[in-house]
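See below for the structure under consideration.
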Amino acid sequence: MTVTTVKTQPIEGQKPGTSGLRKKTRIFMEPHYLENFVQAVWNGIGGVQGKTLVLGGDGRYFNDRAAQVILRMAAASGAAKVIVGQDALLSTPAASNLIRKRKADGGLIMSASHNPGGPDEDFGVKYNIANGGPAPEDVTARIFASTQDISEYLIMEAHDVDLSKVGETQLGDMLVDVVDPVADYKELMESLFDFAAIRDLFASGFAIRFDAMHAVTGPYAKAILVDALGAAPNNIMNAVPSPDFGGGHPDPNPIWAKSLMDVMMGDDAPDFGAASDGDGDRNMIVGRGCYVTPSDSLAVLAANAHLAPGYSDGLKGVARSMPTSAAVDRVAKAMGIECYETPTGWKFFGNLLDAGRATLCGEESAGTGSDHVREKDGLWAVLLWLNILAVKKQSVSQIMVDHWGTYGRNYYSRHDYEAIDSNVAAQLMEALRAKLNDLTGETIEGMKISTADEFAYDDPVDGSRSEGQGIRIGFANGARIVFRLSGTGTEGATLRVYLEQYEANPAEMNRDSQVALSPVIAAADSLAGISARTGRDSPDVIT
Ligand code: G6P
Ligand code: ZN
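What the sequence shown shows, in the working numbering, is residues 22 to 564, in sequence order.
Listed below in structure tokens is the structure:
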């Protein structure tokens, strides 16, 4: 088989964001676009000669074609082996697990996560390193630099590899090992959780509903929740992955998983509901009539993880992204363990997990995970919740009431303004930045500002520093507002406003979040002039 060297030129805008390179699918399908980026990954990591890589994706439109291109490019550049999920499918946590378990040098995950899929929607490619986690900033910076000085790429001329059958084949000198995407992951879950206890819980009549959102977790949920744990097949909604996610938006939040929310808020609601996103790393947890915010979920999991076999020795520490609420901080304090605050992006947890400083991590953006892999993990969170419920024999809402009774409640919400003009967004942030030094001591909406800064993170493990990670305003009454521009959008800019209010009074624990946060919401608008600058009178998404 021949290797072709194709002359090319740098393509603008191939800078990896919060989680790899994400663009409109049609852009990825333009001549040389994917090839340039993949070659830049190879160049940025010092080549793939003799290396073993893992490859898989969430099954969205173009996933199958991109996989064939990546395989031919890995073979052309001398990779020894690529372990690829059957039909080029792998959930993100399953890919992370395979990289670790098979001691691969790294992997490529084809996904745009929770963004819609299809020819007119989004596609993405992300490089993960040998610890199974997303490439850290120094690596993505080298990849980006390589996209800017690329002049050629190597690709093998060959027929498509048959990825429909598990087993080994050759592509030139490279071995292609097609694996069952679920098996290794399922084994890992069995090692962490008390499957017998969860099976008994289900057998006792405890009813669940899991929404796979037409995305990659369908086969995983079927193998684990139905086949191994005994849930009824119809307890899994939207279980068959489709290239356009059934025309939906595979993001597990109350807006995009509305049909699940309707079931859980209805009269005949099951005991437990959950959903996962396009690539299976996000999760939403909802009890009967009771939505659990991701920040609260992290806190509850931290407080109760020791009830699951995999965490029975307790937690070494916890970590959360800066905009995530401080609910988990209170749990960590009570347990006497460290709580780390990192920038948004799972990659920032990698060093803490590798160094054994943190066991559990979480983000407000529906991500929770632990040191079992180096990605967030949707089904893992569902199984940990189920394990806790099986031991405690309480409802989700009872668990929440008890938790808030013990630690107090961090009312929390995120307001997103999507696809706003990039210049307007940049100006809004710049205006906030310019007045940060003058805000402390001022009173807004009756609340006194006690701190105002722009978050920068000094990694305690490798000493690297990441600046410009969000503007945060703290108030004397326990409220906090964070302003940040999303790093995952593909159109204009998305302004994220994170709103939080701590409440210690037991009589005030059951308020509607938007009502409890209304002074904080008003303060955010008055500080940043959101409606005046963007012309929007309400957010597009409220989580
Ligand atoms: C992805 C990343 C997360 C991040 C989220 C939101 O899911 O894996 O770590 O929290 O995107 O990022 P954004 O920059 O859009 O707020
Ligand atoms: Zn995802």
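Virtual Cβ for every residue (Gly too), placed ideally from N, Cα, C. On a predicted model such as this, the values are computed, not experimentally measured, just so you know.
- Fewer than three Cβ pairs drawn from the segment 386 to 404 and the segment 55 to 73 lie within less than 8 Å of each other, which leaves the two stretches out of contact.
- When the alpha-carbon of N526 is set against those of F223, R430 and A125, the nearest one is in R430.
- Taking one beta carbon from each stretch, the segment 227 to 241 and the segment 290 to 301 have 3 or more pairs nearer than 8 Å; the two touch.
- Between D181 and Q89, the C-beta gap is smaller than 9 Å, which places the two residues in contact.
- In the structure shown, D143 adopts extended strand secondary structure according to DSSP, grouped into three states.
- Burial of K243 is indicated by the presence of at least 16 other C-beta atoms within 10 angstroms of its C-beta.
- For N458, the number of other beta carbons within 10 angstroms of its own is below 16, and it is reported as exposed.
- Residues close to ligand 1 by the beta carbon criterion (under 5 Å to any non-hydrogen atom) are, from first to last along the chain, T39, S40, T365, G366, W367, E384, S386, S507, G508 and T509.
- Following the DSSP letters along the chain, one finds G65 inside the alpha helix (DSSP H) bounded by residues Y54 to G65.
- Per the coordinates, the alpha-carbon of E512 lies some 12 Å from the alpha-carbon of D141.
- In summary, V339 is buried, with 16 or more beta-carbon neighbours lying within 10 Å of its beta-carbon over all protein chains present.
- Burial state of S185 is exposed, judged by a 10 Å Cβ sphere holding fewer than 16 other Cβ atoms.
- The beta carbon of P330 is closer than 6 Å to those of D215 in its chain, skipping five residues each way along the sequence.
- At a cut-off of 8 Å, the beta-carbon of G357 does not count as near ligand 2: no heavy atom of the ligand is closer than that.
- When distances are taken from the beta-carbon of G154 to the heavy atoms of ligand 2, even the shortest one reaches 8 Å or more.
- DSSP, read as helix, strand or coil, puts Y428 in helix.
- Straight-line measurement puts the Cα of N498 at about 8 Å from the Cα of Y523.
- Between R93 and M177, the CB-CB gap stays under 9 Å.
- For S539, the enclosing alpha helix (DSSP H) covers residues S539 to A549.
- A distance below 9 Å separates the beta carbons of F476 and V503.
- In this structure, G294 has its CB at a distance of at least 8 Å from all heavy atoms of ligand 2.
- At the C-beta level, M131 and G77 come within 9 Å of one another.
- Two segments are said to touch when three or more pairs of C-beta atoms, one from each, lie closer than 8 Å; by this definition the segment 112 to 132 touches the segment 143 to 157.
- Under the three-state reduction of DSSP, S297 is assigned to strand.
- For F49, no beta strand (DSSP E) encloses it; the enclosing alpha helix (DSSP H) starts and ends at T46 to F49.
- Taking the CA atoms as reference points, T464 sits about 18 Å from A452.
- Between A296 and D232 a beta carbon distance of about 4 Å is seen, short of the 8 Å cut, so the two are scored as contacting.
- Sequence-distant partners of R486 (beyond 5 residues in either direction) whose C-beta falls short of 8 Å from its own C-beta, in its chain, are A477, Y478, D479 and D480.
- If you check the C-beta of S98 against ligand 2, you find no heavy atom less than 8 Å away.
- With 16 or more other Cβ atoms inside 10 Å of its own Cβ, S40 counts as buried.
- In the structure shown, the three-state DSSP call for F476 is coil.
- In this structure, H135 has its CB closer than 8 Å to one or more heavy atoms of ligand 2.
- In the three-state reduction of the DSSP assignment, K469 falls in the strand class, which pools E and B.
- Ligand 2 has no heavy atom closer than 8 Å to the beta-carbon of S485.
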